[in-house]
Amino acid sequence: MSFNNIYGHDKNKEYFKKIFESKKISHSYIFDGVEGIGKKLFAMNLIKTIMCKNEDFISCEICNSCKKINHMNHPDVMIIEPDGNSIKNNQVKEFQKFLSYKPNESKYKIVIINDSNKMTLSSQNTILKILEEPPEYGIIIFISNNSNNLLETIKSRSQIIKFKKLLNDEVQSFLISELKLSNDKAVSIALFSDGIINKAYQAYENSEFLEIRERIIDYSNQLIFNDKINAIKGIAYLNKEKDNILLIFDIMIGWIRDILIVQATSNYDIVLNKDKSELIKKNSYKLVDKNLVIVIEKINQTINDLDNNINYKLAIDNLILNIIE
Numbered sequence: 113m114s115f116n117n118i119y120g121h122d123k124n125k126e127y128f129k130k131i132f133e134s135k136k137i138s139h140s141y142i143f144d145g146v147e148g149i150g151k152k153l154f155a156m157n158l159i160k161t162i163m164c165k166n167e168d169f170i171s172c173e174i175c176n177s178c179k180k181i182n183h184m185n186h187p188d189v190m191i192i193e194p195d196g197n198s199i200k201n202n203q204v205k206e207f208q209k210f211l212s213y214k215p216n217e218s219k220y221k222i223v224i225i226n227d228s229n230k231m232t233l234s235s236q237n238t239i240l241k242i243l244e245e246p247p248e249y250g251i252i253i254f255i256s257n258n259s260n261n262l263l264e265t266i267k268s269r270s271q272i273i274k275f276k277k278l279l280n281d282e283v284q285s286f287l288i289s290e291l292k293l294s295n296d297k298a299v300s301i302a303l304f305s306d307g308i309i310n311k312a313y314q315a316y317e318n319s320e321f322l323e324i325r326e327r328i329i330d331y332s333n334q335l336i337f338n339d340k341i342n343a344i345k346g347i348a349y350l351n352k353e354k355d356n357i358l359l360i361f362d363i364m365i366g367w368i369r370d371i372l373i374v375q376a377t378s379n380y381d382i383v384l385n386k387d388k389s390e391l392i393k394k395n396s397y398k399l400v401d402k403n404l405v406i407v408i409e410k411i412n413q414t415i416n417d418l419d420n421n422i423n424y425k426l427a428i429d430n431l432i433l434n435i436i437e
């Protein structure tokens, strides 16, 4: 895959094309934007472009350098992922050692730090020392969902590249052209994705997505209308759907968000569930006195609890009972 196969992010492609042509590549970049919009994929294609023997902005995909990067075994490329919930100082010291040696096969050595917003303070301070005196051949790409978690001194020594959500048409085009979906299914999944292409891909991979969406929209209505009997019955379904729970929470939050948007603006152009506009309209009138923001906050808190390894059944039980209390 080359830049030709990346959907969206045209402004960033054009920026790096100019950088590439001018041969003024910086030692440090921060790719900042919400999770799942293609920052790591963009970074992988950027390093292929930099390393490619073809010396063209669109990587050739056939030289040894491109092949090795595609197979994740290029000796001059290092990718760091969080160890558990954080990126630790010993991981940073590993790439510090990696950068201390000159490139083996290329002009540059490149380190990608994925989820760099999860670096500990100690690891960030170690990186800062590298950025203060970077080797001439060294490039570091920080991939971040929240650059506010990075030290100001790291940000001041880096080029910050903002990544935005894709346009709905761009997600639809990806689903139809690359994944061969029907137009109707592509429209539904693209709206659900809210411009986050990884969310669209996950929905595509889930053959039960449309069925789950219908069921969870119905269940969300039972929750917000305090249908306690059916809400409690639905706990059994959620307990069985552990593998799909993040998808389920996304659908819940999207549905409640749509109601809030219509209540506040009456603008149906920006709702995610456009095919349910009439039901959203009815709910927005009936739920005018219901504090739906708190419901979203409780769902997000449950997501955080699950990330912190809270007992799954306990977290789900508490969420549903707290919503309908």
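Residue numbers (our numbering): 113 to 437.
Virtual Cβ for every residue (Gly too), placed ideally from N, Cα, C.
{"Query": "The region 397-408 in contact with the region 323-331 per 3-pair CB rule at 8 angstroms", "Result": "no"}
{"Query": "CB-CB length for Arg269 against Ser140, believed under 8 angstroms", "Result": "6 angstroms"}
{"Query": "Span of the alpha helix (DSSP H), counted from its first residue to its last, around Tyr349", "Result": "Lys340 to Lys352"}
{"Query": "Contact under 8 angstroms by Cβ, Asp188 with Ile222", "Result": "yes"}
{"Query": "Assigned exposure category for Gly196 - 16 Cβ within 10 Å defines buried", "Result": "exposed"}
{"Query": "Cβ neighbour criterion (16 or more within 10 Å) applied to Asn395", "Result": "buried"}
{"Query": "Gln334 versus Ala343: straight-line alpha-carbon distance, rounded", "Result": "6 angstroms"}
{"Query": "Reference Lys179; option with closest CA among Glu409, Ile225, Gln236 and Ile159", "Result": "Ile159"}
{"Query": "Cross-strand partners of Ser256 (DSSP beta bridge)", "Result": "Asp144"}
{"Query": "Inter-stretch contact at 8 angstroms, needing at least 3 Cβ pairs: the region 212-231 / the region 247-259", "Result": "yes"}
{"Query": "Assumed close pair Leu278, Ile309 - CB separation to whole angstroms, cut-off 8 angstroms", "Result": "6 angstroms"}
{"Query": "C-alpha gap between Ser259 and Lys152, whole angstroms", "Result": "15 angstroms"}
{"Query": "The region 164-184 in contact with the region 199-215 per 3-pair CB rule at 8 angstroms", "Result": "no"}
{"Query": "Where Val400 falls, given that 16 or more other Cβ within 10 Å makes a residue buried", "Result": "exposed"}
{"Query": "Beta-carbon gap between Ser83 and Asp144 smaller than 8 angstroms", "Result": "Beyond the ends of the chain as shown, which are 113 and 437, falls residue 83; an answer cannot be given."}
{"Query": "contact_flag[the region 341-359, the region 377-385] where n(CB pairs < 8 angstroms) is 3 or more", "Result": "no"}
{"Query": "Collapsed DSSP secondary structure at Ile251 in the structure displayed", "Result": "strand"}
{"Query": "Close beta carbons around Ile288, own chain, < 6 angstroms, minus the five adjacent residues each side", "Result": "Ala298"}
{"Query": "Candidates Asn157, Lys136 and Ile360: closest to His183 by CA position", "Result": "Asn157"}
{"Query": "Bridge partner(s) assigned by DSSP for Val283", "Result": "In the DSSP output, where bridge partners are listed per residue, Val283 has none listed."}
{"Query": "Residue environment, Ile266, which counts as buried when at least 16 other CB atoms sit within 10 Å", "Result": "buried"}
{"Query": "Straight-line gap, Leu103 to Asp339 (C-alpha atoms, nearest Å)", "Result": "The chain is shown from 113 up to 437; residue 103 falls before or after that span and cannot be answered."}
{"Query": "Simplified DSSP assignment, three categories, for Val400", "Result": "coil"}
{"Query": "Asn356 and Asn318 closer than 8 angstroms at C-beta", "Result": "yes"}
{"Query": "Of the residues Phe361, Asp381, Leu293 and Gln203, the one placed nearest Gln236, counting alpha carbons only", "Result": "Gln203"}
{"Query": "According to DSSP, residues forming a beta bridge with Met190", "Result": "Val223"}
{"Query": "Lys292 versus Leu263: straight-line alpha-carbon distance, rounded", "Result": "43 angstroms"}
{"Query": "Cβ of Ser140 within 8 angstroms of any chain D Cβ", "Result": "No chain D appears in this structure, which consists of one protein chain only."}
{"Query": "Rounded distance between the beta-carbons of Ile181 and Met163, thought under 8 angstroms", "Result": "6 angstroms"}
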